[in-house]
Amino acid sequence: IEEVGYKKEATLKDHCLFHGEYKDVIIHSKISTKEFHLKSVKEEDAKLLFEWANDSLVRNNSFNSESIKWENHIKWFLNKLNSSDSIIFVLYHNFIHVGQIRLDLIDGYWEIDYSIVKEYRGKGFGEKMIQLVSEKLAKNSLLKALVKKENIATFKIFKKLKFEENIDKESTLCYTLKIK
26 IEEVGYKKEA TLKDHCLFHG EYKDVIIHSK ISTKEFHLKS VKEEDAKLLF
76 EWANDSLVRN NSFNSESIKW ENHIKWFLNK LNSSDSIIFV LYHNFIHVGQ
126 IRLDLIDGYW EIDYSIVKEY RGKGFGEKMI QLVSEKLAKN SLLKALVKKE
176 NIATFKIFKK LKFEENIDKE STLCYTLKIK
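See the structure below:
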């Protein structure tokens, strides 16, 4: 069942009596891709991305963990919005925004930076967002992500999506993938 896209959510040990024996119940779920869509950011999304970027876990997992000031954010945001080497999307699930992903073209690679809204973490949205953005890129595009070693949830996502792992620095993992 997992080979066709279902995700194992839980195992309830000895939960069901069947023919005189207690059996485990294994619960799987599948999130339909029809419930998801990516929307290109616009100027009116600046405040939303600013709030998400200053989330404590997002700051902790960032290479620069200091809080971001509004003046710096808006300057950065407008530069990214007007750059042909940057793409930013907001992920929507059932018309609710659940995260953002940014791609920056650096040395031939689209470098990935993403975050999920606090209430939606641990539900597979990061993986879904990376899959959707990969589908938008041209064939043979190269993706790259730099991840702190302590950011276990993120490096698990890249490994699951078959990104190749390399050690970039002592505290950083580098993941790369060529879109086929």
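Residues 26 to 205, numbered by the numbering used here, are exactly what the sequence shown covers, in order.
All C-beta atoms in this analysis are idealised placements derived from N, C-alpha and C, irrespective of residue type, glycine included.
Residue from the options whose Cα sits closest to the Cα of residue i
{"i": "Leu-37", "options": "Tyr-117, Ile-51, Asn-191 and Tyr-47", "result": "Ile-51"}
{"i": "Gly-151", "options": "Ala-170, Tyr-134, Ile-126 and Trp-135", "result": "Ile-126"}
{"i": "Lys-173", "options": "Phe-88, His-40, Phe-75 and Glu-76", "result": "Phe-88"}
{"i": "Ser-196", "options": "Val-66, Lys-161, Asn-86 and Ile-137", "result": "Asn-86"}
{"i": "Lys-55", "options": "Ile-26, Asp-193 and Phe-43", "result": "Ile-26"}
{"i": "His-122", "options": "Ile-131, Leu-103 and Leu-74", "result": "Leu-74"}
{"i": "Lys-64", "options": "Val-83, Asn-107 and Lys-161", "result": "Lys-161"}
{"i": "Ser-159", "options": "Ile-137, Asn-176, Ile-177 and Leu-171", "result": "Ile-137"}
{"i": "Glu-91", "options": "Asn-79, Leu-186 and Ile-182", "result": "Asn-79"}
{"i": "Lys-185", "options": "Val-66, Asp-49 and Thr-201", "result": "Thr-201"}
{"i": "Asp-39", "options": "Asn-165, Lys-205, Gly-45 and Asp-49", "result": "Asp-49"}
CB-CB length for residue i against residue j, believed under 8 Å
{"i": "Leu-128", "j": "Phe-61", "result": "At roughly 17 Å, the Cβ-Cβ gap does not stay under 8 Å, so Leu-128 and Phe-61 are not in contact."}
Continuous beta strand (DSSP E) stretch holding residue i: start and end
{"i": "Ser-206", "result": "Outside the shown range of the chain (26 to 205) lies residue 206, about which nothing can therefore be said."}
{"i": "Leu-186", "result": "It is not in any beta strand (DSSP E) - Leu-186 carries neither H nor E in the DSSP assignment."}
{"i": "Ser-81", "result": "No beta strand (DSSP E) contains Ser-81, which is instead part of the alpha helix (DSSP H) from 81-86."}
Endpoints, alpha helix (DSSP H) assigned at residue i
{"i": "Ser-25", "result": "Since the displayed the chain opens at 26 and closes at 205, residue 25 lies outside it and no answer follows."}
{"i": "Glu-68", "result": "First-last for Glu-68: undefined, no H or E at that position."}
**OP:** Determine contact between the stretch 140-147 and the stretch 91-109, defined as no fewer than three beta-carbon pairs at a distance below 8 Å.
**Re:** Contact fails: fewer than three Cβ-Cβ distances are below 8 Å.
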